[in-house]
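To start, the structure under review is shown below, and the notes come after it.
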Amino acid sequence: MIPEKTVGKLRQGWGNICFLLAPWWKYGKTLMVGSFISSVLFVPAAGYFSATLAQAVIEMIEAGKPFEAAFLTGLTYLLLALALDLLHAVYEDFYLRWKKQEIEGTIERSIYEKALMVDYRHFDDPSYFDSYKLTTEKFASQSSETLQNLFSLLSGVAKCIVYGALIASQGVALLLIVLGCSAFVAYAQIYWSRVSVERETAMVNDQRKADYLRRLFFDHTAVADLRASNIKKPLFSLFDGSVKSRAAIYRKYGAKEFLTDILANLAQLGTTFAVPVYVAWGVMSGNIGGIGVYATLIASSLALKEALNALGWWSSQVALGVAYAQKVQRFFDTDSTIEASTDGEKASDGPFSIRFDHVSYRYGGSDEFAIRDLSLAIAPGEKIAIVGENGAGKTTLTKLLLRLYDADGGTVQINGRPIADYDVSTLRGRIGIAFQQSRLYALSVRENMTAYADADDARLKSCLEEVGLRLSLDAQVTKEFDENGAVLSGGDAQRLCLTRLLHSEFGLLILDEPSSALDPIAEYRIAKLIFDRSPTTTVMVAHRLSTVVDADRIYLLSDGRIIESGTHAELMAQNGKYREMFLKQAEGYLKA
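In our numbering, the protein residues as written are 217 to 808.
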């Protein structure tokens, strides 16, 4: 009886293999069937004809058959082996390799789509991010590799059966010699794969640190900062630390890998020596038939040894896939309650009304609340501003409005209903957003402008003029894929991002310091343009208070709480914190 624990591990391993192969079964069933036929039928059959070719020719000559007949027999065996190998090569190296690119692309796209369906809060968890990184970087290729490794493993099993049967027909002793040595090699390779997975897993965090520095060197702004400042010192220190840590991990596992390799090589050398000696002894003692059988046994034994060694290798590679699957399961199993809210109410047309009713929120793992017992109401079409010092909770408030997070306490309401009652995708489709770090993409100006909704060229050109940009709609943004692409300054990049909001209709606009890279006068003009043009409800987060003086109501936040609210004139008359901040900023401009 197989121990229950072993059965459980085998069942789990097979489940992980099926998990990795599921995308291929979904997108490429026919290719999987073709790979099975090619690997499990064609390759072993070719091996059979190659191993028995010499025996067939020698036995015909020993039987007194004409040389021409023996030659034709040998040629037939050779052509059959060649044809089967050629069919396998054409399928694997041409058709499958070509189609694999399409399948992997489809799998990779599905991973990105899945990533967009994971609740935003999980990205604040470093352990989840490790799983996310492993999945997005390797899942498509690992799925393909597992398919290839599994069929190579099955092909190896089929070849072992063919060669084993040829050897066993002359007795089992030789078969036991080959099996014994090769089984040890196979075990060593599987053990090596486990050590390899442990090593790679241990290095994930350090590899992320090294990758972080590499990404910085592809960021033009970061490169300029690195050249002009001393920030490179701690960054290089971080990189050096990750290199030393990875080296220590390699050193830790190096002895195990070295010992495994040495023992596996000794076992292979033992097989190479023992097989011909045993077969020669059998022929000389009369226990094994003539020279033809000798040739088949030598060829089959060496082929079986290679097949068994390969079997161990492919088993180790399949084991690597199983271990990888265990590491990325969290990505696929992560519970996403917010992004799964797709069957709720549809957001109505027209400007939103918004209500925060004693809302509190803190980020996962933090003891401090980013928003504390916050209450406010925004009427449809009202333009309000959220101001305060860094860390006051301004951006957190906007993320709650987007339902990137759910409040820990209290309720956020849209049009009189809890925000959780809405279909999250259609709700966000009615919200226009411009962040301080809004991203431009390596696409055309037109495609960047129509991120929310399409518009005709005349309307898009008018929006460009309104924000003071002179760009061709067909021009590529950035030089990522076009050496003639437009490289925009920080201010112009923000202007272009803001045009996305000018030609579309929303229930709510969220502006989180979207023009901070502009000079104060230009920033004020942009804010006034949006306030005056759009009839919709607008929430603006601002650092420069001069940009929000025209807001219908201003809320001053501190430590996640509203400490002052009113119009600009009312707040100035209160002679409180807002007035102090406004006058200090104005004083700075006057001194400049």
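In this text, a Cβ means the ideal position worked out from N, Cα and C, and glycines have one as well.
Identified DSSP bridge partners for residue i
| i | result |
| --- | --- |
| Ala601 | Met756, Ile770 |
| Glu780 | Leu772 |
| Glu561 | Tyr638 |
| Phe651 | Asp728 |
| Leu363 | DSSP, once it has assigned bridges, lists no residue as partnering Leu363. |
| Ala593 | Arg571 |
| Ile587 | Tyr577 |
| Arg633 | Ile630 |
Close-in-space but distant-in-sequence residues of the same chain around residue i (CB under 6 angstroms, 5 per side omitted)
| i | result |
| --- | --- |
| Asp690 | Ser660 |
| Ala667 | Arg716 |
| Leu296 | Phe265 |
| Ala671 | His719 |
| Arg711 | Val683, Leu685 |
| Thr362 | Leu236, Gly537 |
| Ser557 | Val640 |
| Pro342 | none |
Close-in-space but distant-in-sequence residues of the same chain around residue i (CB under 7 angstroms, 5 per side omitted)
| i | result |
| --- | --- |
| Arg337 | Gly580, Tyr621 |
| Thr553 | Asp335 |
| Gln542 | Asn232 |
| Asp766 | Lys744, Phe747 |
| Met333 | Ser552, Glu555 |
| Gly560 | Asp637, Tyr638, Asp639 |
| Arg578 | Glu584, Phe585, Ala586, Asp624 |
| Met797 | Leu761 |
| Ala523 | Gly372, Lys375, Cys376, Tyr379 |
| Thr476 | Ala404, Tyr407, Trp408 |
| Ala305 | none |
Local Cβ density within 10 Å of residue i, reported as buried at 16 or more and exposed below that
| i | result |
| --- | --- |
| His574 | exposed |
| Tyr657 | exposed |
| Cys376 | buried |
| Leu241 | It should be pointed out that residue 241 corresponds to Trp in this sequence rather than to Leu. The residue is exposed, with fewer than 16 neighbouring Cβ atoms inside 10 Å. |
| Tyr809 | For residue 809 there is no data in the structure shown, the boundaries of the chain being 217 and 808. |
| Trp314 | exposed |
| Lys599 | buried |
| Asp346 | buried |
| Thr246 | exposed |
| Val459 | exposed |
| Tyr311 | exposed |
| Val703 | exposed |
| Gln692 | buried |
| Ala709 | buried |
| Tyr771 | buried |
| Thr292 | exposed |
N-terminal and C-terminal residue of the alpha helix (DSSP H) that residue i is part of
| i | result |
| --- | --- |
| Ser266 | 259–278 |
| Asn893 | A query on residue 893 cannot be resolved here, the shown segment of the chain reaching from 217 to 808 and no further. |
| His304 | 283–305 |
| Met248 | 245–252 |
| Ala702 | Segment: none, Ala702 is in no alpha helix (DSSP H) and carries neither H nor E. |
| Asp673 | 673–682 |
| Asp690 | From DSSP, Asp690 is part of no alpha helix (DSSP H); its letter is neither H nor E. |
| Asn421 | 420–432 |
| Ile742 | 736–749 |
| Ser326 | 313–332 |
| Leu620 | Looking at the DSSP string, Leu620 is not in any alpha helix (DSSP H), and its letter there is neither H nor E. |
Whether residue i touches residue j by CB criterion (8 angstroms)
| i | j | result |
| --- | --- | --- |
| Tyr379 | Gly224 | no |
| Arg546 | Tyr344 | yes |
| Thr627 | Pro634 | yes |
| Gln358 | Gly537 | yes |
| Lys610 | Ile602 | yes |
| Tyr638 | Ile649 | no |
| Val534 | Asn664 | no |
| Arg777 | Asp589 | yes |
| Ala356 | Glu329 | no |
| Lys349 | Arg424 | yes |
| Leu734 | Val757 | no |
| Leu257 | Gly290 | no |
| Val544 | Thr351 | yes |
| Leu369 | Leu527 | yes |
Close Cβ partners of residue i (< 8 angstroms) along its chain, the five nearest in sequence each way excluded
| i | result |
| --- | --- |
| Ser774 | Gly604, Glu605, Ala608, Lys793 |
| Gly597 | Pro567, Pro751, Thr752, Thr753 |
| Gln801 | Arg760, Leu761, Ser762 |
| Pro260 | Ser371, Ala374, Lys375, Ile377, Val378 |
| Phe455 | Lys425, Ala426, Leu429 |
First and last residue of the uninterrupted beta strand (DSSP E) at residue i
| i | result |
| --- | --- |
| Thr694 | From DSSP, Thr694 is part of no beta strand (DSSP E); its letter is neither H nor E. |
| Ile630 | 625–630 |
Residue-level contact to chain C via CB, residue i, 8 angstroms cutoff
| i | result |
| --- | --- |
| Glu278 | Of the protein chains in this structure there is only one, and it is not chain C. |
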